[in-house]
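Chains as they are written, first to last, in my numbering: chain A, 5 to 173; chain B, 1429 to 1624.
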């Protein structure tokens, strides 16, 4: 299994087409090709973090500044960012457009990812975060645009889960 | 040295700068001097004040951003020093008031109370060049003036006593603070556009 070059490009183009001009991220395998594109693109400001919770603060700063921003992270990184999501974003009504690599789910060969994959949907529900699964490259650009729009109108975190179907060839 | 005195010393300079504070005593001491629309008080999410400051500074390069952090909060997000060093926003001053105490969450000793840990050395080790330590108000005042004059990321670690205000309370709801802070920035951007 390799990360989909073609679909990484489609996702990146979808991010740009949604008007997003700033990204925060912690690199991981599924997000690697996407982040390379962001690094090489002068229209995108990329902030790499040491831990995903930092990105919640950075996203809040970008929101205050009026710069359209999205967060890229793995689901395990999302778990590590929960206090920031709850006690900054949700508490202060600050929108977050999160694109989350859903590791440890259907077809997962690596045992260490599985627990995180199994609980991701339940954690999102518990936090009251609206989410969708992105599986189809033909639909993902629209899903990113809609995630962005909904985050801004609801002033809430929203999550688009990037699945194996989309991220691997 | 007391944090309230340091904040009072800074206050006249904060009129046109974006200020992000941590929770509790630090927020209250700034608020008690007189709230301004360009102040954002992060009353929870310990550790993220500096990350908000970084996000503001990177996306608003023409504004000056000042973060009022604390040892307990900074210790919850040590990675922030590495990210600050990497992106090195010239328009950010990160002040860490180190009182060796989790004063606003029960007054317990923080991990710096052992005297073993030097937050300024951590910031330097992370790769930040302009790091000052201050243990007297004169040292703090000098470090702050130098940071204002410097066209570079500055960190000031100020050793302060573990004391806070007598009363807590703000006539400001948390989302209201966020909405008004954002509005202040937007109006500044609009007036800058009109002027240019």
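Built from N, CA and C at the ideal position, the CB exists for glycine as well.
Taking the straight line between their C-alpha atoms, what separation do you get for residue 1514 of chain B and residue 1431 of chain B? Straight-line Cα distance between these residues: approximately 28 Å.
Between which two residues does the alpha helix (DSSP H) carrying residue 1596 of chain B extend? Looking at the DSSP string, residue 1596 of chain B is not in any alpha helix (DSSP H), and its letter there is neither H nor E.
Given a cut-off of 8 Å on the beta-carbon distance, is the pair residue 1480 of chain B and residue 81 of chain A in contact? In this structure, residue 1480 of chain B lies away from residue 81 of chain A, with their beta-carbon atoms at least 8 Å apart.
At the 8 Å Cβ level, is residue 92 of chain A part of the contact set with chain B, yes or no? Interface criterion met: the Cβ of residue 92 of chain A is under 8 Å from a Cβ in chain B.
Please list, in chain order, the chain B residues whose beta carbon lies closer than 9 Å to that of residue 32 of chain A. Within 9 Å Cβ-Cβ: nothing; residue 32 of chain A doesn't reach chain B, min ~16 Å.
Which of the three DSSP states, helix, strand or coil, is assigned to residue 1545 of chain B? In this structure, residue 1545 of chain B counts as coil in the three-state DSSP scheme.
Output the distance between the C-alpha atoms of residue 1512 of chain B and residue 1473 of chain B, rounded to the nearest integer angstrom. Taken atom to atom, the span from the alpha-carbon of residue 1512 of chain B to that of residue 1473 of chain B is near 18 Å.
Any idea if residue 173 of chain A is buried or exposed, counting beta-carbon neighbours within 10 angstroms, 16 or more meaning buried? Classification for residue 173 of chain A: exposed.
What residues match up with residue 211 of chain A in a beta bridge as DSSP calls it? Residue 211 of chain A cannot be examined here, being either before or after the span of chain A that is shown, 5 to 173.
Residues of chain E with a CB under 8 Å from the CB of residue 1609 of chain B: which are they? Any reference to chain E falls outside this structure, whose protein chains are A and B.
Between the C-alpha atoms of residue 1558 of chain B and residue 1501 of chain B, what's the straight-line distance to the nearest angstrom? Cα-Cα distance, rounded: 21 Å.
Suppose contacts are defined by Cβ-Cβ distances below 8 Å. Is residue 166 of chain A in contact with residue 103 of chain A by that definition? Taking 8 Å as the Cβ cut-off, residue 166 of chain A and residue 103 of chain A qualify as a contacting pair.
Any C-beta of chain A under 8 Å from that of residue 1472 of chain B: The beta carbon of residue 1472 of chain B sits closer than 8 Å to some beta carbon of chain A.
With a threshold of 8 Å between beta carbons, is residue 64 of chain A in contact with chain B? Interface residue, yes.
When you compare only the Cα positions, how much space is there between residue 1623 of chain B and residue 59 of chain A? Spanning the two alpha carbons is a distance of roughly 33 Å.
Using a Cβ-Cβ cutoff of 7 Å, what residues of the stretch 1491-1516 of chain B are near chain A? List them in chain order. Cβ contacts with chain A: 1505, 1507, 1508, 1510, 1511, 1515.
Going along the chain, which residues of its own chain have a beta-carbon closer than 8 Å to the beta-carbon of residue 64 of chain A, five neighbours each way excluded? Annotation for residue 64 of chain A: 92, 93, 96, 98 place their beta carbon closer than 8 Å to its own, counting only its chain and skipping 5 residues before and after.
Going by beta-carbon coordinates alone, are residue 1458 of chain B and residue 1520 of chain B separated by less than 8 Å? Contact check for residue 1458 of chain B against residue 1520 of chain B fails: the beta carbons are separated by 8 Å or more.
Please say whether residue 1487 of chain B and residue 187 of chain A have beta carbons closer to each other than 8 Å? Lying before the first or after the last residue shown, residue 187 of chain A is absent from chain A, which here runs from 5 to 173.
Residue 1487 of chain B in three-state terms, based on DSSP: Helix at residue 1487 of chain B.
Close Cβ partners of residue 1556 of chain B (< 7 Å) along its chain, the five nearest in sequence each way excluded: Excluding sequence neighbours, residue 1556 of chain B sits near 1509, 1512, 1513, 1581, 1583.
Closest to residue 1599 of chain B by C-alpha separation, out of B/1588, B/1435, B/1465, would be which residue? Taking each of B/1588, B/1435, B/1465 in turn and checking the Cα distance to residue 1599 of chain B, the smallest one comes out for B/1465.
Just the Cα atoms here: how many angstroms apart are residue 18 of chain A and residue 1434 of chain B? If you draw a straight line from the Cα of residue 18 of chain A to the Cα of residue 1434 of chain B, it is about 47 Å long.
Out of curiosity, what's the CA-to-CA distance linking residue 1525 of chain B and residue 1574 of chain B? It is roughly 17 Å from the alpha-carbon of residue 1525 of chain B to the alpha-carbon of residue 1574 of chain B.
With distances taken Cα to Cα, identify the nearest neighbour of residue 1523 of chain B among B/1529, B/1436, B/1554, B/1498. Answer by Cα proximity: B/1498.
Along the chain, where does the beta strand (DSSP E) containing residue 1498 of chain B start, and where does it finish? For residue 1498 of chain B, the enclosing beta strand (DSSP E) starts and ends at 1493-1498.
Can you tell me which of B/1615, B/1597, B/1610 puts its alpha carbon nearest to the alpha carbon of residue 1460 of chain B? Considering only alpha carbons, the answer is B/1597.
At a threshold of 7 Å, does residue 1468 of chain B count as lining the ligand ZN (C-beta to nearest heavy atom)? The ligand ZN is not among the ligands present in this structure, which contains no ligands whatsoever.
Please state whether DSSP places residue 55 of chain A in a helix, a strand or coil. Reduced to three states, the DSSP call for residue 55 of chain A is coil.
Going by beta carbon distance, what residues of the same chain come within less than 7 Å of residue 168 of chain A, once the five residues before and after it are set aside? Counting only Cβ-Cβ distances below 7 Å, and skipping sequence neighbours, we find 109, 110, 111.
Under 8 Å between C-beta atoms of residue 1572 of chain B and residue 68 of chain A: Not closer than 8 Å, so no.
Host alpha helix (DSSP H) of residue 1461 of chain B (start-end): Counting along the chain, the alpha helix (DSSP H) containing residue 1461 of chain B begins and ends at 1453-1461.
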